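For reference, the structure is listed below as structure tokens.
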């Protein structure tokens with residue numbers, strides 16, 4: 003009976019040790035899986051963040067380009083209007099200067 007009891011205790015200890023080993027192995031697998039999932043999620047988050055950053059930069063550049071084109075075309079229109087308004091004044095001033103030079107220095 004003592005031998006049976008010792009054998010039963012030994013079997014229970016072996017079974018418990020096997021259960022502990024299995025639990026440790028399962029815990030290690032789950033830990034590795036969790037680490038892999040965390041690394042994957044982190045990698046995806048970094049890629050997504052970088053992509054969003056590039057998209058925002060491109061959108062900002064496009065908006066700035068559009069605004070710059072609007073400003074340039076507005077300034078060109080203003081410059082053309084100024085030119086049209088003042089070109090007669092320039093012709094008159096050039097004519098006056100020519101007359102003054104001719105009067106002062108002669109025609110030859």
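Numbering (my numbering), first residue to last: 3 to 110. The C-beta atom is built at its ideal place from N, Cα and C for all residues, glycine as well. All values derive from a computational prediction rather than experimental measurement.
Residue i in three-state terms, based on DSSP
i	result
residue 108	coil
Own chain partners of residue i with C-beta closer than 7 angstroms, once the 5 adjacent residues on each side are dropped
i	result
residue 19	none
residue 111	Residue 111 lies beyond the stretch modelled for the chain, which goes from 3 to 110, so this question has no answer here.
Same chain only: Cβ atoms within 8 angstroms of residue i, ignoring 5 sequence neighbours per side
i	result
residue 14	none
7 angstroms Cβ cutoff, residue i in contact with chain E
i	result
residue 30	Of the protein chains in this structure there is only one, and it is not chain E.
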